[in-house]
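J.:
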Amino acid sequence: MAGPPPKLTPETVSKPREQKWVAGGPTVMNLFSFPRFVIVAALALGVLVPAAAPASAGTVTDASAEQVLSVRGAGPYRIGARLQTLQEAGLIGWVAPPQECDVVLTGVTGDWSGVLILGFRAGRLVEVGTATVPPRSPAGASVGMSWDQLEDIYGRRGRLIHNNNGNQAYVVRIGSRVELYTDHPIRDGVGYFQAGPADFVLRNFLGRPVC
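So the sequence shown is numbered by this note's numbering: it starts at -11 and just counts up by one.
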């Protein structure tokens, strides 16, 4: 039986990052677009995220029964919130050094500590991500599921996509925001679940500028 999910700390997310430059500007690499090193660190500790039970399309889940991550954020971490405001409220743990495009990664405190990684651009929250279960999406999707399970849940609302590096992901558009489920470095299926504005989350996965 798997133990508790590993704590995500600055040591697992603030290592030197390769910066990829494309026509039009830089993209913020690794954690947002392809966070394999976070998952590899978890696997190195012998902690495997258990496969989630499939949910049928149209199934209504009890969102109040567990932690939920949606395109609006998770818990007190709402998309668009200011980093300074969250820090003053004692909701931010560690803060990693800034990356290109004025992007900063942080950890969180309280019940979400070790579960979420936040991404801020120009001081505003633009991405909430996790490599653990829970949280789940409002529809019941999570890390550990197969692509077929995601398609059973979302049907025509989602689709499989690939980037130029050959990485696969499943994207669900909800207005101007997305849920993005990226692949696992070892096995088939979801290794990381993130949500936020499409002009950041999706563009980053596709290797497009986010500045």
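C-beta atoms are modelled at their ideal positions from N, C-alpha and C, and glycine is treated no differently.
In three-state terms, what does DSSP make of Gln75?
T.: Taking the first residue of the sequence shown as 1, we reach residue 75 at position 87. DSSP places Gln75 in helix when its eight states are reduced to three.
J.: Within 10 Å of its beta-carbon, does Thr120 have 16 or more other beta-carbons around it, so buried, or fewer, so exposed?
T.: As a working mapping, residue 120 is identified with position 132 in the sequence shown. It is buried - the Cβ of Thr120 has at least 16 other Cβ atoms within 10 Å.
J.: Return yes when the Cβ of Val56 is within less than 8 Å of the Cβ of Val166, no when it is not.
T.: Sequence index remark: in the sequence shown, residue 166 carries index 178 (1-based). Sequence index remark: in the sequence shown, residue 56 carries index 68 (1-based). Going by C-beta atoms, Val166 is not nearer than 8 Å to Val56.
J.: In three-state DSSP terms, what is Asp171?
T.: Here residue 171 refers to the residue found at position 183 of the sequence shown. Correct three-state label for Asp171: strand.
J.: Helix, strand or coil for Glu139? Go by DSSP, reduced to three states.
T.: Along the sequence shown, read from residue 1 onward, the residue named residue 139 stands at position 151. Reduced to three states, the DSSP call for Glu139 is helix.
J.: When DSSP builds the beta bridges, which residues end up paired with Gln87?
T.: Translated into the one-based positions of the sequence shown, residue 87 becomes position 99. According to DSSP, which records beta bridges pairwise, Gln87 is partnered with nothing at all.
J.: What does a CB cutoff of less than 6 Å around Ile162 pick up in its chain, not counting 5 residues either side in sequence?
T.: As a first step, residue 162 must be located in the sequence shown, where it is residue number 174. Cβ neighbours of Ile162 beyond the five flanking positions: Val59.
J.: Please list the terminal residues of the continuous alpha helix (DSSP H) segment that includes Arg191.
T.: Residue numbering aside, residue 191 sits at position 203 when the sequence shown is read from its first letter. Note, Arg191: alpha helix (DSSP H), Val189 to Phe193.
J.: Tell me Thr118's beta-bridge partners as DSSP assigns them.
T.: Numbered from 1 along the sequence shown, position 130 holds the residue referred to as residue 118. DSSP lists Leu104 and Phe181 as partners of Thr118.
J.: Using the Cβ count rule (16 or more neighbours within 10 Å means buried), how would you classify Pro85?
T.: What you label residue 85 is simply residue 97 of the sequence shown in a count that begins at 1. Under this definition Pro85 is an exposed residue.
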